[in-house]
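Count along the sequence shown starting at 1, add 302, and that's the number in this note's numbering. Let me begin by presenting the structure, written as structure tokens, before commenting on it.
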Amino acid sequence: MDGNGRWAQGRGLPRVAGHRQGAAAVRTVTRAARRLGLEALTLYAFSMQNWSRPADEVEALMLLLVEFLEKEQQELLDNGIRLNAIGDLERLPANVGTRLEAVRRATAGGAGMTLTLALSYGGREELVHAARVAAARGGPIDEAAIEAGLWTHGLPELDLLVRTSGERRISNFLLWQAAYAELYFTDTHWPDFDERELFTAVADFQARQRRFGLTGEQVAALGGRE
């Protein structure tokens, strides 16, 4: 969810105004994803590297997160959405961790969609964590062992990764999971990413042929899209 700061600066507003508008976009996109029938939506809310940002910006982001969790809990419950979180969650401030855990417990029975917030998250850090878990368990360190130690363990396979704001990189997000995901890049800053933008990204995904190492002819023979 990139571009909050640039969205605000382009309008002569403080960066925190962009983050607040970005939180509104989270609400819009989550609702749209639920209506589309998506099984899971994972949002990169705060990276491990974001801890290095100015202290006042980090504090504002944490306060916005608490505010979002408080305001959205009932809507998550009403729509059968289970809240999940991945990352080094122990680094989060106590008030954030407490509120996050409360909403996770309250929405645990949601079967309509899983909304995952990546908080204090980094793809490389996740792989290191998974390797350590696998080594501690003993036995062969293979794909299954790494998968079992990932913070995303239990979530469905990643199909589509969307990057906003015109950047053409994935910035340490879901590195293992993105191995065969489709990538979609848009110049739209996250605060302006709305239902139409999401539908456009999904339609683009639906028009692609996913080969997973096979030839196009093989996929077509199996009933896939050419």
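Idealized CB from N, CA, C, for every residue including glycine.
Using a 10 Å radius around the Cβ and a threshold of 16 neighbouring Cβ atoms, would you call E528 buried or exposed?
Unreliable placement is indicated for E528, whose pLDDT of 47 sits below 50; no coordinate value is reported for it.
Checking 8 Å against the spacing of the C-beta atoms, do E428 and L462 come in under that value?
For E428 and L462, no; Cβs fall outside 8 Å.
With a Cβ-Cβ cutoff of 8 Å, do W492 and G305 count as a contact?
The answer is yes: Cβ separation under 8 Å.
Taking 8 Å as the cut-off, does the segment 401-414 touch the segment 432-445 (at least 3 CB pairs, one atom from each stretch)?
Result no; under three Cβ-Cβ pairs closer than 8 Å.
Taking buried to mean at least 16 other C-beta atoms within 10 Å of its own C-beta, is R401 buried or exposed?
With 16 or more other Cβ atoms within 10 Å, it is buried.
Which complete beta strand (DSSP E) runs does the segment 331-362 hold, if anything under 3 residues is left out?
Correct list: 342-349.
Assign L385 to one of three DSSP states: helix, strand, or coil.
DSSP places L385 in strand when its eight states are reduced to three.
Which of helix, strand or coil does DSSP assign to L524?
In this structure, L524 counts as coil in the three-state DSSP scheme.
Short of 6 Å in beta carbon distance, which residues of its chain neighbour A432, apart from the five on each side in sequence? Order them along the chain.
Here the set comprises I448, G451 and L452.
Residues in the same chain with beta-carbon distance under 8 Å from A326, minus the five sequence neighbours each way, listed in chain order, please.
Taken in chain order, the residues that qualify are P493.
Just checking my contact of L371 with V405 at CB under 8 Å: how many whole Å lie between their CB atoms?
With 8 Å as the limit, L371 and V405 qualify as a contact, their Cβ atoms being about 5 Å apart.
Is T454 helix, strand or coil when you go by DSSP?
The answer is coil: DSSP assigns T454 none of H, G, I, E or B.
Could you spell out where the beta strand (DSSP E) holding F487 opens and where it closes?
First-last of the beta strand (DSSP E) with F487: E484 to F487.
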